[in-house]
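First the structure, in the form of structure tokens, and then the observations on it.
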Amino acid sequence: MVGTLTSYQNLSRDIPSAISRVAAQPFEAREVEYFSKTIQTIKNVEDFVADRRVFAFAMQAFGLGEMTYATAFMEKVLNEGISDDDSFANSLSDPRYREFAKAFNFESFGSAATSFDRAQGEVVDKYLRQTLEESQDNEGVRLALYFERKAPNITSYLQILAEPAIATVVRTALGIPQSTAALDLDKQVEMISEKLDLEEFQSAEGIEKFLQKFTALYDINNPQTTDAGGVGLLFGQAGAIGIDMNTMLQIQQLRRT
0 MVGTLTSYQN LSRDIPSAIS RVAAQPFEAR EVEYFSKTIQ TIKNVEDFVA
50 DRRVFAFAMQ AFGLGEMTYA TAFMEKVLNE GISDDDSFAN SLSDPRYREF
100 AKAFNFESFG SAATSFDRAQ GEVVDKYLRQ TLEESQDNEG VRLALYFERK
150 APNITSYLQI LAEPAIATVV RTALGIPQST AALDLDKQVE MISEKLDLEE
200 FQSAEGIEKF LQKFTALYDI NNPQTTDAGG VGLLFGQAGA IGIDMNTMLQ
250 IQQLRRT
């Protein structure tokens, strides 16, 4: 069986070609065409959520596909936006909701929100990348691809703990048991900060070295690395392995103080 590092390196060596192959798939091509044609005609939150095809595409693009059913929740995210520090999106520990509200910023720009590239072409790019990641059978490869994409924007240890997939990669690479997700937030931050300098993530070389550690330890911890059941961990379900519920609540409380 090909190891996680080799599989990840083979894929990451030419991401644009891999994404092009995803875009050429009939289903993805139809969804991209429909979204690109329709999104610019949507002028408010209600219409955005009402078009299930457009809304599902957008949610998938931000790794929130499992929350597509939660329309009232997402309407609150969008209606309150991100301008106010106390808005709903800003109070949530998961940064994907803020990213979503920023891309579809109806709160600040009203009917013009969907006229910007961040609500059009950039969303298509995210959708294709997300679909590529989710299509990988090896959970370790999915985690590595996701981490590679997110790591340059990590500036605090709280960010690591707020995202299940990121936290899983970091704990694995540092040899920290996943069960520590149940500990108090301060203790988790202490354990990670003792072993990790966030400056490592500010260069491609640093990220590559970190992922080499992750993939090696991932294969040791997971002798069979083709389990497709981990998609939920990577794309949004805050389970015990990824992030403990107490951790989520503590992070959210810190954001409010």
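Residue numbers (numbering that gives the first Met the number 0): 0 to 256.
Ideal Cβ positions, reconstructed from N, Cα and C, are used throughout, including at glycine.
| Check | Outcome |
| --- | --- |
| Rounded straight-line distance, which links the Cα of proline 176 to that of phenylalanine 115 | 43 Å |
| Simplified DSSP state of phenylalanine 200, which is helix, strand or coil | helix |
| Nearest-angstrom beta carbon gap, valine 48 and leucine 127 [assumed within contact, 8 Å] | So it is not a contact: roughly 23 Å between Cβ atoms. |
| 4 or more residues per run - each alpha helix (DSSP H) lying fully within the segment 58-136 | 70-79, 87-90, 94-102, 105-108, 120-133 |
| Residue burial classification, threonine 40 (beta-carbon count within 10 angstroms, cutoff 16) | exposed |
| Distance, phenylalanine 105 Cα to alanine 227 Cα | Because alanine 227 carries a pLDDT of 41, less than 50, the predicted location of this residue cannot be relied on, and the following value inherits that uncertainty. Distance between the alpha carbons of alanine 227 and phenylalanine 105: 36 Å. |
| Whole-angstrom C-beta distance between leucine 144 and tyrosine 7, which should lie under 8 Å | 7 Å |
| Helix, strand or coil at aspartate 345 [DSSP, three-state] | Residue 345 cannot be examined here, being either before or after the span of the chain that is shown, 0 to 256. |
| Alpha helix (DSSP H) segment containing arginine 148, residue limits | 138-149 |
| Three-way DSSP call (helix, strand, coil) for valine 44 in this model | helix |
| Inter-stretch contact (C-beta, 8 Å, three-pair minimum) for the segment 80-98 and the segment 23-42 | no |
| Unbroken alpha helix (DSSP H) run spanning arginine 29, endpoints | 25-37 |
| Same chain only: Cβ atoms within 7 Å of isoleucine 38, ignoring 5 sequence neighbours per side | Val53, Thr113, Ala118, Gln119 |
| Backbone secondary structure at asparagine 152 - three-state DSSP | helix |
| Straight-line Cα distance separating phenylalanine 103 from proline 151 | 23 Å |
| Exposure label - glycine 109; buried when at least 16 CB within 10 Å | exposed |
| Nearest neighbour of aspartate 276, chosen from Ser155, Ala172, Phe200 [CA to CA] | There is no way to answer for residue 276, as the model of the chain reaches only from 0 to 256. |
| Straight-line Cα distance separating alanine 166 from leucine 232 | For leucine 232, the pLDDT reaches just 48, beneath the cut-off of 50, and the residue's location in the model is therefore unreliable, leaving the point undetermined. |
| Burial state of tyrosine 217 (16 or more Cβ within 10 Å) | buried |
| Cβ shell of valine 76 (< 7 Å), same chain only, five flanking positions each side left out | Phe87, Ala88, Tyr96, Phe99, Ala100 |
| Supposed contact pair phenylalanine 200 and isoleucine 191 - C-beta distance, whole angstroms, cut 8 Å | The Cβ separation is near 12 Å, so there is no contact. |
| Selected residue, minimal CA-CA separation from glutamate 138, among Thr171, Lys125, Ser107 | Thr171 |
| Buried/exposed call for threonine 5, threshold 16 Cβ in 10 Å | exposed |
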